[in-house]
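A short write-up of the structure that comes next.
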Amino acid sequence: MSGVDTAVVRAEWTKLRSLPGNAVAVVAVVALTVGLSAFMCAVGHTDATRPGQGDDDVVVNSLRGVYIGQIAVVAFAVGTVAAELTTGVIRTTFTAVPGRRAVAVAKAITLSGAVLASGLATSVLSFLVCQPLLHASGFRPPAYPIVALTEPAVVRAVTGTALYLTALAVLGLAAGAIARHAAPSITALAGLLLAPVALGSFLPNALADPLQRYTPIAGLAIQRTVHDASAPIGPWSGLGVTWVWALAASAVAVWVIERRDV
Amino acid sequence: MDVAIEVERVTKRYGATLALDALYFAVRPGLVTGFVGPNGAGKSTTIRIILGLAAPDDGRALVGGRAYATLDSPLRHVGALLDATATHPGRRAADHLVWIAHSNGIARRRVDDVLELVGLTSVARKRTGGFSLGMAQRLGLAAAMLGDPPVLLLDEPVNGLDPDGIRWLRGFLRALAAEGRAVLVSSHLMSELEDTADHLIVIGRGRLLADTSMRDLLMAVPATGVSLRTPDRAAVMHLLANAGATVTSSRGDQLVVTGLVPGRIAELVAGHGYHLDELVSHRPSLEDAYLQLTRHAVDYPTSRIEAPG
Amino acid sequence: MSDVLAGLGRVLAAEWTKLRSVRSTAWAAAAAIGLTVLLGVLICAAVDTSGGGADCRPGAPGCGDEDVVLNSLGGVYIGQIAVVALAVLAATSEYDRGTVSTTFAAVPRRLRVVAAKIGVVGAIAFVVGLAASAASFLAGQPILHGNGFTVANGYPAASLADEPTARAVAGTALYLVAVALLALGTGLILRRAGSAIAAVLVLLYVPTMVALTLPADVRDVVQSVAPMSAGLAVQRTVDRFDSVPVGPWAGLGVAGAWAAAVLLAAAWFVRNRDV
């Protein structure tokens, strides 16, 4: 990690964890995320009685809360940057550390670490909370084998969700740095994440598929544990799309930050 | 009216902190009243309670004998300048004043009048995001004057003004008071108030420390002494000490005398035929008086820095 | 009573001045109309009459059940985002910039300010909504005809003079009013633009997103009580197997009820919070 000073990272982490109101917001979002997953698992039901008869992806259902969590992550990421820019704290930051790229990277690392950890914890929690609910809804042997957290497919889905959220955090950070205001950044990103799936419910495939293949939402494919031939994109490719968005936006953001007056 | 603003035993808590503790004072028309106190003393909180923006936990504040919220066109009764930077940066200065005027049914023409009053006519069409702090303060004053109110509440209006602007503001406020209006100016800086305010309300830690005229406050602080220079040092020291004064010598050939009024000192020295090269009486400044009053009420004291010499 | 109305009139004038004098209002309004028309046109260009099964012949029963009006108004799915932003900012920019103190010092009867904001934001949302839906309907019709949605294929021409079409177009505008007021209330409660926009968009879209994978009975309930899926039922002119199981006006009423509930909560907060 050449060019990244650990002192700068530590400074960014101090700034992040000392923002007021964060603890309450985090708890509320985790509750909503786990709650949505729990709801999906509790109300689902299946008539399948033999293995292979049902084609529901229980792991995906257990992680549905990410629909809410992803917006919270984006809003939070944009918020941390936009707040610093509008209050002028950024001037203190850039005076203390004139190497702006180092600051940007440090911010990204700090935020990524926080989101990765909390995303992982929330996903695991959602999965565990859902297991008994799913069994009660009929998703149990012999039709559906009991799925353990340690199975490779589940590990991929859970860590993949955390990596998806991390990519969104980086994307939000970049968008906030470029637009400098929270409202347009959050509006654009939230719209970009929410509209494609909702539109998919009534758009003809010709329009719906590209939307789910080329927008950041593609990363949710990583949650799939049941092979779905009609899906617009594969698990790893999908996650890759999200990360491409994040890294491309970051490159633009660093370019802009280095050149702009503060 | 005799009393323009009345704060009656107002108490306000924020969580565990007691921001205002049974605060009481009155503001009278025809005077510029300075509202002073250290940072965090509760000045802004008091003003917000007077304007109905915050609710007191106990007590009440009245404007012209009525609660602010019951006034029909409040801006015609009280003009307030709270925070000069509280404007939308993308909005033009004139539009900022227009919406305020509309809200109280104030004629559109007044907007042009107040802009002229504060000297901002040339930048009326400019977006406030491009304003300097001094221009923003003047825009805030213009807004406060829209309703031609008999009462003005100004929270730190001097912040960010250059010396020219401070002098202009001082004249502006004194003229308003001379018209019979009640003017309350809050500040934590004493120097500006010294030539502006007739009356002072001093608070500290949410409590009233003094409600007095400017002169009385200055008189209440004892003079820090008389310093004099004379070629007959030893003799004069002897003479004054025998007369009951405390004499110390300070830098160079200066003598500092306390315990006798300047007139008596001059009388004694001249009466015994000694020369006086210099006789200076140290009157306390508003700064001294204020610091002495509030020294126990400062929440965030800085450590004393001894000047070298 | 008359001076209450006079007072309200003044505050309305003030709120209108506030909104018309910032650039974000015009941008958001233009974006709402532009995005709605753009997506509507795209949808109309992409649909064709081949739905309804492999052996669907024009005029045969079961064919001809594309809802041409609904399709041309589908752009509101995206256009509403701009309306949400506009309405949220009408509330949050006051807190963000600090003018909320000026506003409530000028008008201490705070509920009048809330009522005036409702009036002005609602009116703007209605005008923008009507323009957007009328424009996207009119732009979409020739495209749909080109794609085979003609009388010969079992699709009579729709015009704004028909009752169902007029209801769908006007109802879409009213839906946007409900969305705008829901967003305004959320902005007044949360006081920060970012979190308010995020919360409203989640409330609008997530129920539709999860409804796709819910079992039918649960899906019906969710779609009938969620603000967007119920509210947009007003656009429906053809009953299909996948229609949301709530009537057009009832659905719009659901969206209105959400807005009313949030606004009531907002009024309570505005009245009782310190500024």
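Protein chains in written order, with this note's numbering: chain Y, 1 to 262; chain V, 1001 to 1309; chain G, 2001 to 2275. Idealized CB from N, CA, C, for every residue including glycine. This one's a predicted model, so the numbers in the text were calculated from it and none came from an experiment.
Helix, strand or coil at V:Tyr-1274 according to DSSP, with G and I counted as helix: Coil at V:Tyr-1274, not helix or strand.
Other residues of its chain near G:Gly-2244: CB distance less than 6 Å, five sequence neighbours each side excluded: In the sequence under discussion, the amino acid at residue 2244 of chain G is Val, which differs from the Gly named in the question. Excluding sequence neighbours, G:Val-2244 sits near Gln-2223, Ser-2229 and Ala-2233.
Min CB distance G:Val-2011 to chain V below 8 Å: yes
Stretch pair the region 1002 to 1012 of chain V + the region 1027 to 1035 of chain V: three plus CB contacts closer than 8 Å: yes
Uninterrupted alpha helix (DSSP H) stretches inside the region 1059 to 1141 of chain V (no shorter than 4 residues): 1093 to 1103 and 1108 to 1118
Which of helix, strand or coil DSSP assigns to G:Gly-2059: Here the model assigns G:Gly-2059 a pLDDT of 47, short of 50, so the residue's position is not dependable and the matter cannot be decided.
Cross-strand partners of V:Gln-1254 (DSSP beta bridge): V:Arg-1229
G:Tyr-2175 burial status per 10 Å Cβ neighbour count (16 or more: buried): buried
Spatial distance of V:Ser-1073 from V:Pro-1149 (CA atoms): 10 Å
As assigned by DSSP and simplified to three states, the class of V:Phe-1035: strand
Identity of the residues DSSP links to V:Phe-1025 by a beta bridge: Residue pairing by DSSP puts V:Phe-1025 in a beta bridge opposite V:Val-1007.
Neighbouring residues, chain Y, relative to G:Pro-2227 (Cβ below 9 Å): Simply none; closest approach about 13 Å.
Minimum Cβ-Cβ distance from V:Asp-1083 to chain G less than 8 Å: yes
Neighbour flag for G:Asp-2242 against chain V, beta carbons, 8 Å: It does not: the Cβ of G:Asp-2242 has no partner Cβ on chain V nearer than 8 Å.
Under 7 Å by beta carbon: chain V residues contacting G:Gly-2194: Result: empty, since nearest Cβ-Cβ is about 17 Å, beyond 7 Å.
Proximal residues, the region 2111 to 2126 of chain G versus chain V, C-beta separation under 7 Å: none
is_contact[G:Val-2221, chain V] using C-beta, thresh 8 Å: no
Beta-carbon spacing of G:Ala-2030, G:Gly-2187 below 8 Å: no
Assigned secondary structure, V:Gly-1204 (DSSP; H/G/I helix, E/B strand, else coil): strand
Backbone secondary structure at G:Arg-2020 - three-state DSSP: helix
DSSP-derived helix/strand/coil call for G:His-2145: Collapsing the DSSP output to three states places G:His-2145 in a helix.
Rounded separation between V:Ser-1191 and V:Leu-1146 - CA only: 28 Å
Residue from G:Ala-2196, G:Val-2177 and G:Val-2100 with nearest C-alpha to G:Arg-2273: G:Val-2100
V:Thr-1017, DSSP secondary structure in three states: Assigned with DSSP and collapsed to three states, V:Thr-1017 falls in strand.
Assigned exposure category for G:Pro-2061 - 16 Cβ within 10 Å defines buried: Residue placement at G:Pro-2061 cannot be trusted, given a pLDDT of 47 that sits under 50; what the coordinates show is reported in the next sentence. Note on G:Pro-2061: under 16 other CB atoms within 10 angstroms of its CB, so exposed under the neighbour-count rule.
Below-8 Å beta-carbon distance, Y:Val-285 vs any chain G residue: Because residue 285 of chain Y is not part of the residues shown, which for chain Y are 1 to 262, the question remains open.
6 Å CB neighbourhood of Y:Val-81 in its chain, flanking five on each side removed: Leu-173, Gly-176 and Ala-177
Short Cβ contact (8 Å threshold) for V:Val-1151 with V:Val-1078: yes
Partners in chain G for V:Ala-1328, counting only beta-carbon separations shorter than 9 Å: Here chain V covers residues 1001 to 1309 and nothing more, so residue 1328 of chain V does not appear.
Partners in chain G for Y:Ile-178, counting only beta-carbon separations shorter than 7 Å: Chain G residues near Y:Ile-178: none, gap ~15 Å exceeds 7 Å.
Opening and closing residue of the beta strand (DSSP E) in which V:Val-1185 lies: 1182 to 1187
Residue of V:Leu-1218, V:Glu-1267 and V:Ser-1213 minimising C-alpha distance to V:Gly-1034: V:Ser-1213
Extent of the continuous beta strand (DSSP E) run through V:Asp-1155: 1151 to 1155
Rounded straight-line distance, which links the Cα of G:Ser-2195 to that of V:Arg-1009: Looking at the backbone, the Cα of V:Arg-1009 and that of G:Ser-2195 are separated by about 39 Å.
For Y:Val-226, three-class secondary structure by DSSP: coil
Cross-chain neighbours of Y:Pro-204 in chain G, by beta carbon under 7 Å: Ala-2046 and Val-2047
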